[in-house]
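All remarks here apply to the structure that follows.
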Amino acid sequence: MKRSLFPVFFLLLTLCGCAKTEQQTIFAMNTVMEFSVHDKAAEDTVARMTQRINELEALLSRTREESEVSALNTANGAETPISFEVWSLLDTARALTNATDGAFDVTIAPIASAWGFAEEAFRVPSREELNTLAPLVNSDGITLAQNGGTYLASLQPGQAVDLGGIAKGYASDCIADIFLEDSIKSGYASLGGNILAWGGKNDGSPWRVGVKDPSNTEALCGVLELRDAYAVTSGGYERFFEENGVTYHHIIDPATGAPAESDLLSVTVVMDREDTLLEGRCGSGTLCDALSTALFVMGEDAALDFWRSGGYDLDLVLVTADGRIISTPGVAFAPVEESGYSYEAIS
Ligand code: ADP
Ligand code: MG
């Protein structure tokens, strides 16, 4: 009896020892998210990822009354206890406002609301209304403090923060921590334009990720090959409304209070991933997200100057309004010829 069971037992063990690919698509943070994990316990990893994203949305959402961000935004200047991770995200956001000469600024919230982007109640605010709100856009108004083990934040009265330009990137850093904790060799996450390529594909080849053609979002203007990297694209085509024949998109130039009049149609920022656990601190995914938004606001020349200045180890793919695609040397990018853009790989 014992002997005849042995082959069955052995077969079961072999089956259970097999890695498989688990894929899941969820809707969270106002966008479609996809996870793909190749591992023996891939289902558990994907379940943890989904749970983590839901936790983050509950902390970071501006439209959920019970979130930490809402508590801060409605405190009317009072000090608010927040979690370490929201505290460090605000700290990073504030530093990035300085690093980008104000192009990225999470205190854009009152202006984003005036345009109805946060609430999806779109309208064109008057210049007077925008001028009244302009002084509220100032990251110096974010005060962060620590008292024992408690993390505290406050804003100036009337100010509010909108983490829409950085939250998905931070979420991708949190997903990276799960890949690392679970010792996953091959996986992928796409959080509404925020890509994390974990290792390569299961067959060893790099992940191939399409860059949308901003003028025809059904098509691609190029393909990136990624391995152990983040790639984030920002563009005015992602979220917009039309009024009297004018298109208004959701990336706001803090200097004008209006949708950025960029000479770029999209900006893709690529960075390598870290090899260490971030544990609530911000990593390259967070940086890619904020910087893709900021470089879109800055426009072509300032974006390339920012890249050349070398302050961050990043690579870029820029799609310009006058029909060019520009990529920097560290990125494996192949343009799609039929998209009609001219292509320049700069050195
Ligand atoms: P998406 O959310 O489509 O991926 P982005 O990462 O570029 O696009 O972020 C755009 C979002 O960031 C807006 O919806 C708004 O919530 C917020 N935002 C808009 N303009 C700015 C800005 N200049 N700085 C920081 N956040 C911004
Ligand atoms: Mg962004």
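If you're matching positions, the sequence shown starts at 926 in my numbering and goes up one per residue. All C-beta atoms in this analysis are idealised placements derived from N, C-alpha and C, irrespective of residue type, glycine included.
Would you say the beta carbon of residue i is closer than 7 angstroms to some non-hydrogen atom of ligand 2?
| i | result |
| --- | --- |
| serine 1159 | yes |
| threonine 1218 | yes |
| glycine 1090 | yes |
| alanine 1034 | no |
| aspartate 1238 | no |
| aspartate 1214 | yes |
| glycine 1094 | yes |
Using only CA atoms, which one of the options lies nearest to residue i?
| i | options | result |
| --- | --- | --- |
| aspartate 1247 | Gly1255, Glu1262, Leu1229, Tyr1266 | Tyr1266 |
| alanine 1037 | Pro1050, Ala1003, Gly1255 | Pro1050 |
| valine 957 | Phe1231, Asp1197, Asn979 | Asn979 |
| aspartate 969 | Leu981, Lys945, Phe952 | Lys945 |
| valine 1286 | Ile1067, Asn1127, Ser1115, Gly1129 | Residue 1286 is absent from the structure shown; the chain starts at 926 and stops at 1272. |
| leucine 1241 | Arg1249, Ser1234, Ala1228 | Ala1228 |
| asparagine 1039 | Gln976, Gly1027, Ser1108, Thr1057 | It is alanine, not asparagine, that sits at residue 1039 in the sequence shown. The candidate whose alpha carbon is nearest that of alanine 1039 is Thr1057. |
| serine 1214 | Glu1045, Ala1101, Asp1188, Ile1091 | The amino acid occupying residue 1214 in the given sequence is aspartate; serine does not appear at that position. Measuring from the Cα of aspartate 1214, the nearest candidate turns out to be Ile1091. |
| serine 1234 | Gly1112, Phe1166, Glu990, Thr1025 | Thr1025 |
| proline 1006 | Gln1071, Gly1041, Ala1028 | Gln1071 |
| aspartate 1138 | Asn1127, Gly1129, Thr1158, Gly1124 | Thr1158 |
| glycine 1118 | Gly1170, Thr1218, Arg1198, Val971 | Thr1218 |
| tyrosine 1268 | Ile1250, Thr1193, Val1256 | Ile1250 |
| asparagine 1127 | Glu947, His963, Glu959, Cys943 | His963 |
| phenylalanine 1047 | Tyr1173, Glu1204, Tyr1155 | Tyr1173 |
| leucine 1151 | Ile1176, Phe1165, Gly1170, Gly1124 | Gly1124 |
| serine 1064 | Trp1232, Pro1179, Asp1200 | Pro1179 |
| tyrosine 1113 | Thr1142, Val1134, Ala1034, Tyr1237 | Val1134 |
| alanine 1185 | Ser961, Leu1203, Tyr1162, Thr1201 | Tyr1162 |
| leucine 1190 | Leu1105, Phe960, Thr1142 | Thr1142 |
Is residue i near ligand 1 - that is, is its Cβ less than 7 angstroms away from at least one heavy atom of it?
| i | result |
| --- | --- |
| proline 1260 | no |
| aspartate 1175 | According to the sequence provided, residue 1175 is histidine. The question's aspartate does not apply to it. Because some heavy atom of ligand 1 lies under 7 angstroms away, the Cβ of histidine 1175 counts as near it: yes. |
| valine 994 | no |
| alanine 1046 | no |
| alanine 1028 | yes |
| proline 1179 | yes |
| aspartate 1285 | This structure does not reach residue 1285, given that the chain is present from 926 up to 1272, and the question cannot be answered. |
| glutamate 959 | no |
| valine 1274 | Outside the shown range of the chain (926 to 1272) lies residue 1274, about which nothing can therefore be said. |
| alanine 1037 | yes |
| valine 1222 | yes |
| arginine 1164 | yes |
| phenylalanine 1042 | yes |
| valine 1136 | no |
| valine 1031 | yes |
| alanine 1182 | For the sequence presented, residue 1182 should be read as glycine rather than alanine. Glycine 1182 Cβ: outside cutoff for every heavy atom of ligand 1. |
| glycine 1208 | no |
| aspartate 1118 | A quick correction: the sequence has glycine, not aspartate, at residue 1118. Flag set: Cβ of glycine 1118 near ligand 1. |
So, with DSSP's three-state summary, where would you put residue i?
| i | result |
| --- | --- |
| lysine 945 | strand |
| serine 1013 | helix |
| leucine 938 | Note that leucine 938 scores a pLDDT of 44, beneath 50, so its modelled location is shaky; the value from the coordinates is reported in the next line. Correct three-state label for leucine 938: helix. |
| glycine 1083 | coil |
| glycine 1265 | coil |
| leucine 997 | helix |
| threonine 1201 | coil |
| methionine 954 | coil |
| isoleucine 1109 | coil |
| isoleucine 1271 | coil |
| alanine 1114 | strand |
| arginine 991 | Residue 991 is actually glutamate in this sequence, not arginine. If DSSP states are grouped into helix, strand and coil, glutamate 991 belongs with coil. |
| isoleucine 1007 | strand |
| serine 1217 | helix |
| serine 1097 | helix |
| phenylalanine 931 | The pLDDT assigned to phenylalanine 931 is 47, lower than 50, so where the model puts this residue is not dependable, and the model offers no usable value. |
| serine 1209 | helix |
| methionine 926 | Here methionine 926 scores only 41 on pLDDT, less than 50, and its place in the model is too uncertain to base an answer on. |
Under a CB-based cut-off of 8 angstroms, is residue i close to chain C?
| i | result |
| --- | --- |
| arginine 1152 | The structure shown has no chain C; it contains just one protein chain. |
Measure the Cβ-Cβ separation of residue i and residue j and say whether it is below 8 angstroms.
| i | j | result |
| --- | --- | --- |
| threonine 1245 | glutamate 1225 | yes |
| glutamate 1004 | leucine 1077 | yes |
| proline 1082 | glycine 1002 | yes |
| leucine 1015 | isoleucine 1067 | yes |
| aspartate 1087 | arginine 987 | yes |
| serine 1272 | proline 1260 | no |
| leucine 1149 | phenylalanine 1258 | yes |
| isoleucine 1103 | arginine 973 | yes |
| alanine 1059 | arginine 1198 | no |
| leucine 997 | leucine 1080 | yes |
| glutamate 993 | serine 1008 | yes |
| leucine 1243 | methionine 1196 | no |
| threonine 975 | glutamine 949 | yes |
| threonine 1017 | valine 1062 | no |
Can you give, in chain order, each stretch of the beta strand (DSSP E) that sits fully within the stretch 1120-1189 and has at least 3 residues?
Correct list: 1132-1138, 1141-1151, 1154-1160, 1165-1168, 1171-1174.
Counting only runs of 4+ residues fully inside the stretch 1026-1081, write out the alpha helix (DSSP H) ranges in chain order.
For the stretch 1026-1081, whole alpha helix (DSSP H) runs of length 4 or above, ordered along the chain, are 1034-1039, 1052-1058.
Contiguous beta strand (DSSP E) assignments of at least 3 residues, all confined to the stretch 1224-1261:
As far as the stretch 1224-1261 is concerned, its whole beta strand (DSSP E) runs of at least 3 residues are 1240-1245, 1249-1252, 1257-1260.
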